[in-house]
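Undergrad: In the numbering used here, the protein residues as written are 55 to 226.
Every residue gets a Cβ at the ideal spot worked out from N, C-alpha and C, and that includes glycine.
See below:
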């Protein structure tokens, strides 16, 4: 697995929402047009200044299928169980989509690690230890848009009830 990951072969068994495995080459991803439109819409709403909870609320109102429900409707296996409400979007789902660098056309390997083969607990790898391979598949989102969204959410600070910013805002 380490050798495959260092060559730029995707180590994930399930491609991100918006992509499917190429039927001719299982190590390549191709864009799934219907889901890719939803991903573009999520990034566009983020560029407009909407937060993850506002985006999730809008997608729920518009009865858009969640990634798990969409994959199940398409007949694909998913690691998650069947959702009770297939159109109920959660803030965490939107955040995961907005944070995935794979939408810019790159493969990111070694996001997690295990201390040993007997240790079953996965641990997050620091971003500096990720292996990133650019331009391995078609991008849904351009890098400029992705970077702007990341910068926007990194500097996001909310005022309290009195309208004042906490002195620790942005640090915790």
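Taking 9 Å as the CB-CB limit, is residue 67 close to chain D?
TA: In the displayed structure, chain D is absent; only one protein chain is listed.
Undergrad: Hey, could you find the ends of the alpha helix (DSSP H) residue 194 is sitting in?
TA: Counting along the chain, residue 194 falls outside any alpha helix (DSSP H), and DSSP gives it neither H nor E.
Undergrad: Quick check on residue 101: buried or exposed, where buried means 16 or more other Cβ atoms within 10 Å of its Cβ?
TA: Answer is exposed; the Cβ neighbour count stays below 16.
Undergrad: Just curious, the alpha helix (DSSP H) that residue 124 is in, first and last residue?
TA: Residues 121-127.
Undergrad: Whose CA, out of 192, 120, 78 and 136, lies closest to the CA of residue 145?
TA: Answer by Cα proximity: 120.
Undergrad: Given this structure, state the Cα-to-Cα distance separating residue 83 from residue 127, to the nearest angstrom.
TA: When rounded, the distance between both Cα atoms is 19 Å.
Undergrad: Is residue 162 near residue 191, with beta carbons less than 9 Å apart?
TA: In this structure, residue 191 does not lie closer than 9 Å to residue 162 by Cβ.
Undergrad: Report the partner residues of residue 93 according to the DSSP bridge assignment.
TA: Note: residue 93 sits in no beta bridge, so no partner.
Undergrad: So who's on the other strand from residue 185, going by DSSP bridges?
TA: DSSP output for residue 185 lists 163 as bridge partner(s).
Undergrad: By DSSP, does residue 118 sit in helix, in strand, or in coil?
TA: In this structure, residue 118 counts as coil in the three-state DSSP scheme.
Undergrad: What would DSSP say about residue 63, mapped onto helix, strand or coil?
TA: In the structure shown, residue 63 sits in coil (DSSP, three-state: anything other than H, G, I, E or B).
Undergrad: Could you tell me the distance, in whole angstroms, from the CA atom of residue 142 to the CA atom of residue 114?
TA: Whole-angstrom Cα-Cα distance: 5 Å.
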